[in-house]
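Novice:
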Amino acid sequence: MCYVAPLAGAVVTSILVRKNQASKLWWLNLMFYGGALFGVIDHLWNGELFLISKNIVSDLMLGIVITAVIFGFWLILGRAVKFRAVAKA
(Lines of atoms letter the chains of each structure in order from A and count residues from 1; the text may use other names and numbers.)
(Lines give C-alpha, C1' and ligand atoms only; values in the text may rest on other atoms or scores of the structure.)
Protein backbone atom coordinates (compact mmCIF):
# COMPACT_ATOMS: atom_id res chain seq x y z
CA MET A 1 0.00 0.00 0.00
CA CYS A 2 3.02 2.32 0.02
CA TYR A 3 2.20 3.17 -3.59
CA VAL A 4 -1.18 4.75 -2.75
CA ALA A 5 0.09 8.17 -1.60
CA PRO A 6 2.45 8.73 -4.57
CA LEU A 7 -0.27 7.49 -6.92
CA ALA A 8 -2.77 9.94 -5.42
CA GLY A 9 -0.22 12.72 -5.90
CA ALA A 10 0.31 11.59 -9.49
CA VAL A 11 -3.41 11.70 -10.23
CA VAL A 12 -3.76 15.20 -8.75
CA THR A 13 -0.74 16.51 -10.64
CA SER A 14 -2.00 14.87 -13.85
CA ILE A 15 -5.16 16.96 -13.55
CA LEU A 16 -3.14 20.09 -12.81
CA VAL A 17 -0.76 19.48 -15.71
CA ARG A 18 -3.67 19.19 -18.14
CA LYS A 19 -5.01 22.55 -16.96
CA ASN A 20 -1.74 24.48 -16.63
CA GLN A 21 0.73 22.80 -19.02
CA ALA A 22 3.57 23.79 -16.66
CA SER A 23 6.80 21.87 -17.18
CA LYS A 24 7.69 21.92 -13.48
CA LEU A 25 4.38 20.25 -12.63
CA TRP A 26 5.10 17.69 -15.33
CA TRP A 27 8.38 16.86 -13.57
CA LEU A 28 6.52 16.39 -10.28
CA ASN A 29 3.94 14.26 -12.06
CA LEU A 30 6.60 11.93 -13.48
CA MET A 31 8.33 11.71 -10.11
CA PHE A 32 5.06 10.73 -8.38
CA TYR A 33 4.33 8.07 -11.01
CA GLY A 34 7.87 6.76 -10.55
CA GLY A 35 7.35 6.56 -6.79
CA ALA A 36 4.09 4.69 -7.27
CA LEU A 37 5.69 2.29 -9.74
CA PHE A 38 8.52 1.70 -7.27
CA GLY A 39 5.95 0.79 -4.59
CA VAL A 40 4.15 -1.68 -6.85
CA ILE A 41 7.40 -3.33 -7.92
CA ASP A 42 8.52 -3.52 -4.28
CA HIS A 43 5.30 -5.28 -3.28
CA LEU A 44 5.56 -7.75 -6.14
CA TRP A 45 9.25 -8.35 -5.38
CA ASN A 46 8.39 -9.23 -1.78
CA GLY A 47 5.71 -11.69 -2.84
CA GLU A 48 2.71 -9.58 -1.87
CA LEU A 49 0.59 -10.69 -4.79
CA PHE A 50 -2.41 -8.47 -4.07
CA LEU A 51 -0.16 -5.48 -3.30
CA ILE A 52 -1.25 -5.46 0.35
CA SER A 53 1.25 -6.16 3.09
CA LYS A 54 0.60 -7.48 6.60
CA ASN A 55 1.00 -4.06 8.25
CA ILE A 56 -1.14 -1.63 6.28
CA VAL A 57 -0.64 1.33 8.63
CA SER A 58 3.15 1.27 8.38
CA ASP A 59 2.86 0.82 4.62
CA LEU A 60 0.63 3.89 4.31
CA MET A 61 3.00 5.90 6.50
CA LEU A 62 5.89 4.81 4.28
CA GLY A 63 3.91 6.01 1.27
CA ILE A 64 3.42 9.41 2.90
CA VAL A 65 7.15 9.63 3.61
CA ILE A 66 7.97 8.65 0.01
CA THR A 67 5.54 11.30 -1.27
CA ALA A 68 7.03 13.96 1.03
CA VAL A 69 10.56 13.11 -0.10
CA ILE A 70 9.53 13.28 -3.76
CA PHE A 71 7.84 16.64 -3.18
CA GLY A 72 10.84 17.98 -1.25
CA PHE A 73 13.26 16.88 -3.94
CA TRP A 74 11.03 18.50 -6.56
CA LEU A 75 11.14 21.79 -4.62
CA ILE A 76 14.94 21.62 -4.39
CA LEU A 77 15.20 20.78 -8.08
CA GLY A 78 12.93 23.69 -9.00
CA ARG A 79 15.00 26.12 -6.95
CA ALA A 80 18.23 24.81 -8.47
CA VAL A 81 16.92 25.28 -12.01
CA LYS A 82 15.71 28.78 -11.16
CA PHE A 83 19.05 29.66 -9.53
CA ARG A 84 20.95 28.33 -12.53
CA ALA A 85 18.81 30.38 -14.93
CA VAL A 86 19.50 33.54 -12.91
CA ALA A 87 23.23 32.76 -12.79
CA LYS A 88 23.41 32.37 -16.59
CA ALA A 89 21.70 35.71 -17.22
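Heads up, the sequence shown stops at 122 in my numbering, and the numbers go up one at a time, no gaps.
Ideal Cβ placement from N, Cα and C applies to all residues, glycine included.
1. Quick check on Asn88: does DSSP put it in helix, strand or coil?
2. Using the three-state DSSP reduction, which class does Tyr66 fall into: helix, strand or coil?
3. When the Cα atoms are used, what is the spatial distance from Asp92 to Leu58?
4. I need the straight-line Cα distance from Ala69 to Lys87, nearest angstrom please.
5. DSSP three-state call for Gly80: helix, strand or coil?
Specialist: According to the structure shown:
1. coil
2. helix
3. 26 Å
4. 19 Å
5. In this structure, Gly80 counts as coil in the three-state DSSP scheme.
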